[in-house]
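Protein chains: 2
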Amino acid sequence: MYLAAVVDDSARRQGRPVVTTHAAIEQAAFRLFAERGFEGTTLDAIADEVGVGRRTLFRYYRSKNDIPWGRFDLTLARFRHLLADAPADEPLWRGVHRAVRAFNEFPPAADPTHVDRMRLILRTPALQAHSVLRYAEWRQVIAEHVAARTGARPGDLLPQTVGQVSLALALAAYDVWLDDPARSLPDLVDAAMLTLRDHLDPTT
Amino acid sequence: MYLAAVVDDSARRQGRPVVTTHAAIEQAAFRLFAERGFEGTTLDAIADEVGVGRRTLFRYYRSKNDIPWGRFDLTLARFRHLLADAPADEPLWRGVHRAVRAFNEFPPAADPTHVDRMRLILRTPALQAHSVLRYAEWRQVIAEHVAARTGARPGDLLPQTVGQVSLALALAAYDVWLDDPARSLPDLVDAAMLTLRDHLDPTT
DNA sequence: GGCGTTTTGGCCACGGGTGCCATTAGCGTC
DNA sequence: GACGCTAATGGCACCCGTGGCCAAAACGCC
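Shown next as structure tokens:
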């Protein structure tokens, strides 16, 4: 229901046609967020801007908080493939790290931009809060990967720890990146990992 | 205002006396949460149970989500002291880790119990979401400590990374602990750190 | 043109959260 | 013992996000 709406419009055959798209809603919403801030933008305002009933917004996004995330389900599927592509003979941590790095290479020509999205998400309290739910799904993808490769269960300490720490490194990288978007995000992900390995270096 | 209410009642001199306490509210709230779940418990119900107006609840807790966290401001102050106590000649990571470990030694005789609190917080979606805001404050304490000890700014990559990773380890430990509260939480924090160091061991 | 299908969007109810303000109940003073 | 000061209380109105319900709309197909 929620997903079928716009995954592939051309596949639809009959029934009343859709009036809008996820992309159109996101663009309208980000226009308003830029003007009035996230909290200052009501769903009524977004609905008006899109030219659609407020009720309809909920058929495209589960909640107001989900709008900035866009089609995160698709993004997660991409991440799952990146992890699956890790060579079996590579150390586990390295494969995970390279997938996380690659995951954060976003096409620069998106609208809304990846910077705009993430700045909004990471700098707005209400969205910071909501983001955990998305992070949990993201970590779960890692935990399942690690579990599969080590024979553990996803809930065990190693898969959980790797998931949590991978997220931690990514978030540390984002934090620096948002302050200075000119830097390369994937490089910052690398730098965070190096920083951690250095910090924990047993020889010190 | 928000804090002054109950930090030290004996310090109050004049004005209408308070009708309740943070502890009383938390105990009443947890009773209801246990019966009807967090989402199923309305603020009206909590107010009734405490015997207080709904409006008054907001003078003790900023939001419904804050009730399970209790007096987190006090908890943070304790954490700050633990970090400050780390010897200067000890490796930075070790001092941070020991503080995190010590921070998670909670008195077993609390009401509500630390397990009840954390189970509610970590297993209720709405609270999982809200918890990031608390985590951010907790990480900031670490980031400031690391910044002070290394001469960096709290926003730099090392302080942020250490903060994020410390949180990651703690959360991984909690996740296992909640499934099996008989295990020692501080020991699990140690185990998570060992797991990470092993995972990243350069010799593998 | 009628029918089935699918989306739309209006209406209503609920609950959390906030500003406003009159009320309440101790304290210190006279 | 009354009076005023002060600070906490709690009722009221209101905004906003969210979800259930359902009739109306607009297409393809026959």
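Note that the protein sequences, when read in sequence, are chains A and B. The first sequence begins at 255 in the working numbering and counts up one residue at a time. The second sequence begins at 255 in the working numbering and counts up one residue at a time. We treat Cβ as the ideally placed atom computed from N, Cα and C, and that holds for glycine. Owing to the predicted nature of the structure, the values given are computational and were not obtained by experimental measurement.
- Neighbourhood of Pro341 (chain B) in chain A, by CB distance below 7 Å: empty, with the nearest CB roughly 15 Å away.
- DSSP places Asn319 (chain B) within a helical segment (H, G or I) once states are collapsed to three.
- Residues of chain A with a Cβ closer than 9 Å to the Cβ of Ser385 (chain B) are, in chain order, Ala383, Val386.
- By a beta-carbon distance limit of 8 Å, Glu303 (chain B) contacts Ala282 (chain B). Their separation comes to about 4 Å.
- Rounded to the nearest angstrom, the gap between the Cα atoms of Ile279 (chain B) and Val306 (chain B) is 9 Å.
- Here Ala427 (chain A) is not near Val416 (chain A), since their CB atoms are 8 Å or more apart.
- Rounded to whole angstroms, the separation of the alpha carbons of Asn319 (chain A) and Thr367 (chain A) is 17 Å.
- For Ala401 (chain A), the closest Cβ of chain B is not nearer than 8 Å.
- Linking Val430 (chain B) to Leu439 (chain B) through their CA atoms gives a straight-line distance of about 9 Å.
- Just so you know, the alpha carbons of Tyr389 (chain B) and Glu289 (chain A) end up roughly 29 Å apart.
- Residue contact check for Thr378 (chain B) against chain A: no CB pair falls below 8 Å.
- By the criterion of at least three beta-carbon pairs nearer than 8 Å, the region 401–414 of chain B is not in contact with the region 370–385 of chain B.
- Flagged as an interface residue toward chain B: Ala446 (chain A), by a C-beta distance shorter than 8 Å.
- Look at the region 356–384 of chain B and you find these whole runs of alpha helix (DSSP H), each 4 residues long or longer: 368–377.
- The continuous stretches of alpha helix (DSSP H) do not include Gly324 (chain A), and DSSP gives it neither H nor E.
- For the region 292–311 of chain B, no residue has a beta-carbon sitting nearer than 9 Å to a beta-carbon of chain A.
- Distance from Phe333 (chain B) to Phe357 (chain B) at the Cβ level is roughly 5 Å; contact confirmed, criterion being Cβ atoms closer than 8 Å.
- Using a 10 angstroms sphere on the CB of Gln268 (chain B), the tally of other CB atoms stays under 16, which defines it as exposed.
- Counting the other CB atoms within 10 Å of its CB gives Ser420 (chain A) a total of 16 or more, which places it among the buried residues.
- Along the region 416–427 of chain A, the positions whose C-beta sits under 7 Å from a C-beta of chain B are Val416, Gln418, Val419, Leu421, Ala422, Leu423, Leu425, Ala426, read in chain order.
- A distance below 8 Å separates the beta carbons of Phe292 (chain B) and Leu381 (chain B).
- Interface criterion met: the Cβ of Gln414 (chain B) is under 8 Å from a Cβ in chain A.
- One alpha carbon belongs to Pro361 (chain B), the other to Pro413 (chain A), and they sit about 29 Å apart.
- Taking a Cβ-Cβ threshold of 8 Å, none of the residues of chain B is close to Leu432 (chain A); the smallest such distance is about 10 Å.
- Taken through DSSP and simplified to helix, strand or coil, Pro413 (chain A) comes out as helix.
- Here the alpha carbon of Arg316 (chain A) sits roughly 33 Å from the alpha carbon of Asp441 (chain A).
- With its beta carbon at least 8 Å from every one in chain A, Arg437 (chain B) lies outside the interface.
- In this structure Asp410 (chain B) is buried. Its beta-carbon is surrounded by 16 or more other beta-carbon atoms within 10 angstroms.
- Think of a sphere of 8 Å around the beta carbon of Asp429 (chain B): the chain A residues whose beta carbon falls inside it are Gly409, Gln414, in chain order.
- Under the Cβ distance rule, Trp347 (chain A) counts among the residues neighbouring chain B, one pair being separated by less than 8 Å.
- With respect to the 8 Å criterion, Ala397 (chain B) and Leu423 (chain B) are not classified as neighbours on the basis of their beta carbons.
- When Cβ-Cβ separations below 8 Å define contact, His335 (chain A) makes no contact with chain B.
- Using a Cβ distance threshold of 8 Å, Leu454 (chain A) and Arg451 (chain B) count as a contacting pair.
- Distance between Thr310 (chain B) and Arg270 (chain B), taken at the CA atoms: about 13 Å.
- In chain order, Gln382 make up the part of chain A whose C-beta sits under 8 Å from the C-beta of Ala390 (chain B).
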